[in-house]
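Since the structure comes first, as structure tokens, the remarks are kept for the end.
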Amino acid sequence: MVTESAQLHIDDPDFGDLVFDAVVAGADDGEPVLLLHGWPQTSLSWQYVIPPLASSGLRVAAVDQRGYSSGARPVDVAAYDLSRLVDDAAGILDALGWGTAHIVGHDWGAHVGWALAARHPGLVRSLTALSLPHPRALAAALRDDDEQRAKSSYISTFRRDPPAAAAALLRDDAAALRAVYGDGVHRRDIDSYVEYFAVDDALEASLRWYAAIDAAAFNALPEVDVATAFVWGSEDIAIGSAAAHACAEWCRGPYEFRVLTGRGHWLPDEDPDAVVDAILARVG
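Position one of the sequence shown corresponds to residue 1 (the UniProt record's numbering), numbered consecutively onward.
Below, the structure is given as structure tokens:
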């Protein structure tokens, strides 16, 4: 399989020309699929998913999102508002020459996918969300569910002081950052992430996503009408059962909920075959 590297330019009216690093694979005339990674990962997180998707005849692109691409790393926290992240996804579709695509997101990438599908459904052929349910489902669980509040307790630290949080995560050969991945990510890939996030304030930039969280935006996100699959690991360290099972309440179009029993948070790494199967079922 041939994988192409690409640099995609998007003009942000407030922060100028942003350059996003991407990898593209598959048939030029295949159904387009855009893969959006989560924290603390990059497009590398899709390395076990891209080959089988491309081999199935799809045209696949995985992009390093705002704060992760070195050419798209504004310092201002306001640059990481959800609306700008959604505009990035829409701009990436244009830059790829696609216009519309099947959207697949994991963790924060799923958050962007939900928001894109809710606000710009005409751009989304289908949505496959991994690990993170509709943000309204998560918001309700944060309000009502003790388990979810415990699982999400780390967020306040990231929001309060991204530079200090990044420094703490990288201290002692990034011991705390390495612990985030647990056993769900291959050791060689953890080493690659640590190397990536240890330079050029990359980790601090990724934490600006947390600093920019707007609770009102969570609670105002509309329901999703596009065909959607939500895939959740029963042992997810970040998302509990209440939020996962409530996701259906916010999906008005065709909806499928897949539980991967015994799997954790890092689904593209832990069970790429199951992820590919879910994507192909939705794209098909």
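Positions of the beta carbon are idealized from the N, C-alpha and C atoms, including for glycine.
Keep in mind that this is a model prediction, so the values were computed, not measured.
Notebook entry, point to check: Whose CA, out of TRP232, ARG171, PRO268, TRP209, lies closest to the CA of TYR80?
Noted result: Counting from one through the sequence shown, the residue named residue 80 turns up at place 80. Closest option to TYR80, Cα to Cα, is TRP209.
Margin query: Can you list, in chain order, the residues of its chain with a C-beta nearer than 7 Å to that of ASP11? Leave out the 5 residues immediately preceding and following it.
Written below: What you label residue 11 is simply residue 11 of the sequence shown in a count that begins at 1. If we look at ASP11 and ignore the five residues flanking it on each side, its Cβ neighbours are ASP17.
Margin query: Quick check on HIS265: does DSSP put it in helix, strand or coil?
Written below: Here residue 265 refers to the residue found at position 265 when the sequence shown is read from its first residue. Reduced to three states, the DSSP call for HIS265 is coil.
Margin query: So, with DSSP's three-state summary, where would you put LEU96?
Written below: Along the sequence shown, read from residue 1 onward, the residue named residue 96 stands at position 96. If DSSP states are grouped into helix, strand and coil, LEU96 belongs with coil.
Item checked: Residue from ASP214, ASP107, ARG66, VAL63 with nearest C-alpha to VAL231 -> Position 231 of the sequence shown holds residue 231. Checked all of ASP214, ASP107, ARG66, VAL63; the closest Cα to VAL231 is ASP107.
Item checked: Inter-residue CB distance, SER45 and VAL23 (contact presumed, cutoff 8 Å) -> Counting from 1 along the sequence shown, the entry for residue 45 is found at position 45. Counting from 1 along the sequence shown, the entry for residue 23 is found at position 23. Not a contact, Cβ separation roughly 11 Å.
Checklist line | Span separating the alpha-carbon of ARG84 from that of SER56 | finding: Along the sequence shown, one-based indexing puts residue 84 at 84. Along the sequence shown, one-based indexing puts residue 56 at 56. About 32 Å.
Next item on the list: Please say whether ASP64 and ASP28 have beta carbons closer to each other than 8 Å?
Entry: Residue mapping note: residue 28 aligns to position 28 of the sequence shown, counting from 1. Residue mapping note: residue 64 aligns to position 64 of the sequence shown, counting from 1. Not in contact: ASP28 and ASP64 (Cβ atoms no closer than 8 Å).
Item checked: LEU53 versus ALA95: straight-line alpha-carbon distance, rounded -> One-based indexing of the sequence shown puts residue 53 at position 53. One-based indexing of the sequence shown puts residue 95 at position 95. Answer to the nearest angstrom: the Cα atoms are 21 Å apart.
Next item on the list: Report the residue from ARG188, ALA174, HIS102, PHE257 whose alpha carbon sits nearest the alpha carbon of residue 286.
Entry: The shown model of the chain, from 1 to 284, leaves out residue 286, and the question about it has no answer.
Next item on the list: In the DSSP assignment, find the beta strand (DSSP E) that holds LEU44 and state where it starts and stops.
Entry: Counting from 1 along the sequence shown, the entry for residue 44 is found at position 44. Per DSSP, LEU44 belongs to no beta strand (DSSP E) and is neither H nor E.
Next item on the list: Could you pull the start and end residues of the beta strand (DSSP E) that ILE10 belongs to?
Entry: Start at 1 with the first residue of the sequence shown, and residue 10 comes out as number 10. Start and end: 3-12.
Next item on the list: Would you mind working out which of PRO254, VAL104, VAL180 sits nearest LYS151, comparing C-alpha positions?
Entry: In the sequence shown, residue 151 corresponds to position 151, counting from 1. Closest by alpha carbon: VAL180.
Item checked: Bounding residues of the alpha helix (DSSP H) (the contiguous stretch that carries ARG208) -> Numbered from its first residue, the sequence shown carries residue 208 at position 208. From DSSP, the alpha helix (DSSP H) with ARG208 extends over 202-211.
Note to self: Once DSSP output is grouped into helix, strand and coil, what is the label at ASP172?
What the structure shows: The count along the sequence shown starts at 1 and reaches residue 172 at position 172. Note: ASP172 maps to helix in three-state DSSP.
Note to self: Tell me the DSSP secondary structure of GLY91 in three-state form.
What the structure shows: The residue given as residue 91 occupies position 91 in the sequence shown. Looking at GLY91 - three-state DSSP - the assignment turns out to be helix.
Notebook entry, point to check: Under the three-state reduction of DSSP, which class applies to PRO133: helix, strand or coil?
Noted result: The residue labelled residue 133 in the question sits at position 133 within the sequence shown. Three-state result, PRO133: coil.
Note to self: What would DSSP say about VAL199, mapped onto helix, strand or coil?
What the structure shows: As a position in the sequence shown, residue 199 is number 199, starting the count at 1. Looking at VAL199 - three-state DSSP - the assignment turns out to be coil, as it is neither helix nor strand.
Next item on the list: Could you name the residues that DSSP lists as bridge partners for GLY16?
Entry: The residue you call residue 16 lines up with position 16 of the sequence shown. The partner list for GLY16 (beta bridge, DSSP) reads ASP12.
Next item on the list: For ASP144, count neighbouring C-beta atoms within 10 Å of its own C-beta (all shown protein chains included) and say buried if the count is 16 or more, exposed if not.
Entry: Working through the sequence shown from its first residue, we reach residue 144 at position 144. By the neighbour-count rule (16 or more Cβ atoms within 10 Å), ASP144 is not buried but exposed.
Next item on the list: Would you give the residue range spanned by the beta strand (DSSP E) that ILE237 belongs to?
Entry: As a working mapping, residue 237 is identified with position 237 in the sequence shown. Counting along the chain, ILE237 falls outside any beta strand (DSSP E), and DSSP gives it neither H nor E.
Next item on the list: Could you pull out every residue in the same chain whose Cβ sits closer than 7 Å to the Cβ of ALA215, ignoring the five residues on either side in sequence?
Entry: Within the sequence shown, numbered from 1, the residue matching residue 215 stands at position 215. Contacts found: none.
Next item on the list: Pick helix, strand or coil for SER70, following the three-state DSSP scheme.
Entry: The residue labelled residue 70 in the question sits at position 70 within the sequence shown. Coil.
Note to self: Cutting at 7 Å between CB atoms, please list the residues of its own chain near ALA166, excluding the five before and the five after it.
What the structure shows: On the sequence shown, residue 166 is found 166 positions in, with the first residue counted as 1. Around ALA166: LEU203, GLU204, LEU207.
Notebook entry, point to check: At which residues does the beta strand (DSSP E) containing TYR154 begin and terminate?
Noted result: Residue 154 sits at position 154 when you count from the first residue of the sequence shown. Counting along the chain, TYR154 falls outside any beta strand (DSSP E), though it belongs to the alpha helix (DSSP H) covering 154-160.
Notebook entry, point to check: So ALA174 packs on VAL194, CB below 8 Å; how close in whole Å?
Noted result: Position 174 of the sequence shown holds residue 174. Position 194 of the sequence shown holds residue 194. That pair is a contact at about 4 Å.
Next item on the list: Please go through the same chain and pick out, in chain order, the residues whose beta-carbon is closer than 6 Å to the beta-carbon of LEU138, but skip the five residues on each side of it.
Entry: Here residue 138 corresponds to residue number 138 of the sequence shown, with the count starting at 1. For LEU138, where only same-chain residues beyond five positions count, the Cβ hits under 6 Å are ALA243.
Note to self: Given this structure, state the Cα-to-Cα distance separating PHE158 from GLY67, to the nearest angstrom.
What the structure shows: Indexing the sequence shown from 1 puts residue 158 at position 158. Indexing the sequence shown from 1 puts residue 67 at position 67. Computed Cα separation, rounded: 15 Å.
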